[in-house]
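Colleague: Residue numbers (the working numbering): 7 to 318.
All residues carry an ideal CB built from backbone N, CA and C; glycine is no exception.
Since this is a predicted model, take the numbers as computed values, not measurements.
1. Is residue 24 helix, strand or coil when you go by DSSP?
2. CB of residue 274 to nearest heavy atom of the ligand SAM: below 8 Å?
3. Are the CB atoms of residue 99 and residue 268 nearer to each other than 9 Å?
4. Given 8 Å as the limit, is there contact between the stretch 101-112 and the stretch 187-205, that is, 3 or more CB pairs closer than that?
5. For residue 74, I'd like the list of residues in its chain whose CB is within less than 8 Å of its CB, leaving aside the five on either flank, ordered along the chain.
6. Rounding to the nearest angstrom, what Cα-Cα distance links residue 250 and residue 27 in this structure?
7. Provide the residue span of the beta strand (DSSP E) that contains residue 122, from first to last.
8. In chain order, what residues of the same chain have a beta carbon less than 7 Å from the beta carbon of residue 133, not counting five sequence neighbours either side?
9. Residue 270 and residue 81: beta carbons closer than 9 Å?
10. Out of curiosity, what's the CA-to-CA distance linking residue 57 and residue 83?
11. For the beta strand (DSSP E) containing residue 61, list its first residue and its last residue.
12. Who are the near neighbours of residue 218 in its chain, counting only those whose CB is closer than 6 Å to its CB and skipping five residues on each side?
13. Looking only at its own chain, which residues have a Cβ that is under 8 Å from the Cβ of residue 278, when we skip the five neighbours before and after it?
14. Give me the DSSP bridge partner(s) of residue 200.
15. Alpha helix (DSSP H) containing residue 265: first to last residue?
16. What are the start and end residues of the alpha helix (DSSP H) that includes residue 233?
17. So, with DSSP's three-state summary, where would you put residue 7?
18. From residue 305 to residue 91, what does the alpha carbon distance come to, in whole angstroms?
19. Taking its Cβ as the centre, do 16 or more other Cβ atoms sit within 10 Å of residue 101, making it buried, or is it exposed?
20. Identify whether residue 217 lies in helix, strand or coil by the three-state DSSP scheme.
21. Suppose the cutoff is 7 Å on Cβ atoms and the five residues either side in sequence are ignored; what does the same chain contact list for residue 310 look like?
22. Taking only the alpha-carbon atoms, compute the straight-line gap between residue 243 and residue 79 and give it to the nearest angstrom.
23. Need the endpoints of the alpha helix (DSSP H) that residue 147 sits in, please.
24. Let me make sure I understand the geometry here. Which of 66, 183 and 96 has the alpha-carbon closest to that of residue 254?
25. Here's the rule: buried if 16 or more other CB atoms are within 10 angstroms of the residue's CB, otherwise exposed. What is residue 196?
26. How many whole angstroms separate the CB atoms of residue 208 and residue 170, which I take to be in contact at a CB cut-off of 8 Å?
27. Whole angstroms is fine: what's the gap from residue 221's alpha carbon to residue 85's?
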């Protein structure tokens, strides 16, 4: 367990709240689709803040904790990018118009932050009380990585059989048509109905929960310090909305990214499962993850440029 003072926790919470107010409040006030320039600027700014925070960890806690923070952040960032694939498929499946997507992403990010907080607290408690849970977490990661590698896009978009969709359709009166960016609408006779956009938010929140279950064991494979776990998670999540508008038109070109993320999950799962017999230094884990992501992105760019090249 970490021994961070309440002042550090309060300072970090204040920073996160300020960034959330700026991102989801001030910058989202117009409820418009971020331009590529706006999105790249905001994404770059948030990544820079996350990297600078790692220097604060280095100054306060030393090299080992800084390595753990950066490794955890990189894992969570790669998983967040994979989360964007799912968001894009959900939006496509439900036919969400671009101008309504920022509102869904806003609630998705807020939900993700709350779920991460709950899952981290639960994970830390379980690891503290039951040492054998390490092997359960490791097995979850290995299985998730293998399933991710084998899963095809068409399997991801079959949402009508989703538990949340079936339950929502059974419990809520849902209109067939969207009403702008509204979650509820009234019919001509005054009846209140949920719009399909509310259903989309529920599905996004469900995907947030699934990703939280996958990602929390991954970061606990690197560090058991709740502060480092939470801070690396939150900084990765904060940039999701802006990153979505940066990558939305390019995600289909990163064809090797999902296999790369799957490999990372299997790697950290094995690291966790074999921790009693084999010690893999954090620095080595960071190098493996960096090389995996760089290789996946490089191969994707090479394939995309080769396919775009006119045939002779």
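Modeller: Short version:
1. For the purposes of this step, residue 24 is identified with residue 18 of the chain shown, where counting begins at 1. If DSSP states are grouped into helix, strand and coil, residue 24 belongs with the helices.
2. Absence of the ligand SAM is noted for the structure shown, with no ligands found whatsoever.
3. Here residue 99 corresponds to residue number 93 of the chain shown, with the count starting at 1. Here residue 268 corresponds to residue number 262 of the chain shown, with the count starting at 1. Contact: no.
4. yes
5. Looking up residue 74 in the chain shown gives position 68. Within the same chain, residue 74 has close Cβ partners 228, 229, 231, 234 and 288.
6. Taking the first residue of the chain shown as 1, we reach residue 250 at position 244. Taking the first residue of the chain shown as 1, we reach residue 27 at position 21. Cα-Cα distance, rounded: 18 Å.
7. Reading the chain shown from its first residue, position 116 is the one you call residue 122. Here residue 122 belongs to no beta strand (DSSP E); instead the alpha helix (DSSP H) covers 107-135.
8. What you label residue 133 is simply residue 127 of the chain shown in a count that begins at 1. So the list reads 139, 140, 226 and 230, once near-sequence residues are dropped.
9. Working through the chain shown from its first residue, we reach residue 270 at position 264. Working through the chain shown from its first residue, we reach residue 81 at position 75. A contact, by the Cβ cut-off of 9 Å.
10. Residue 57 sits at position 51 when you count from the first residue of the chain shown. Residue 83 sits at position 77 when you count from the first residue of the chain shown. Whole-angstrom Cα-Cα distance: 12 Å.
11. For the purposes of this step, residue 61 is identified with residue 55 of the chain shown, where counting begins at 1. Not the beta strand (DSSP E): residue 61 falls in the alpha helix (DSSP H), residues 42-67.
12. In the chain shown, the residue the question calls residue 218 occupies position 212. Cβ within range, chain order: 121, 122 and 125.
13. Position 272 of the chain shown, counted from the first residue, corresponds to residue 278. Correct list, in chain order: 140, 141, 143, 144, 147, 223, 226 and 227.
14. Counting from 1 along the chain shown, the entry for residue 200 is found at position 194. In DSSP, residue 200 forms a bridge with 180 and 190.
15. Looking up residue 265 in the chain shown gives position 259. Note, residue 265: alpha helix (DSSP H), 263-279.
16. Position 227 of the chain shown, counted from the start, is the residue given in the question as residue 233. Taken as a continuous stretch (DSSP letters only), the alpha helix (DSSP H) holding residue 233 covers 232-244.
17. Counting from 1 along the chain shown, the entry for residue 7 is found at position 1. Confidence in residue 7 is poor, its pLDDT being 43 and thus under 50, which makes the residue's placement too unreliable to answer from.
18. Counting from 1 along the chain shown, the entry for residue 305 is found at position 299. Counting from 1 along the chain shown, the entry for residue 91 is found at position 85. C-alpha separation (whole angstroms): 18 Å.
19. Residue numbering aside, residue 101 sits at position 95 when the chain shown is read from its first letter. Exposed: under 16 other Cβ atoms inside 10 Å.
20. Locating residue 217 in the chain shown gives position 211, where the first residue counts as 1. Residue state, collapsed to three classes: helix.
21. Here the question's residue 310 lines up with position 304 in the chain shown. Correct list, in chain order: 259.
22. Mapped onto the chain shown, residue 243 falls at position 237. Mapped onto the chain shown, residue 79 falls at position 73. Cα to Cα, residue 243 sits roughly 10 Å from residue 79.
23. Position 141 of the chain shown holds residue 147. Note, residue 147: alpha helix (DSSP H), 139-156.
24. Position 248 of the chain shown, counted from the first residue, corresponds to residue 254. Measuring from the Cα of residue 254, the nearest candidate turns out to be 96.
25. Counting from 1 along the chain shown, the entry for residue 196 is found at position 190. By the neighbour-count rule (16 or more Cβ atoms within 10 Å), residue 196 is not buried but exposed.
26. In the chain shown, residue 208 corresponds to position 202, counting from 1. In the chain shown, residue 170 corresponds to position 164, counting from 1. Sure, about 5 Å apart at Cβ, within 8 Å.
27. In the chain shown, residue 221 corresponds to position 215, counting from 1. In the chain shown, residue 85 corresponds to position 79, counting from 1. If I take the Cα positions, the gap works out to 7 Å.
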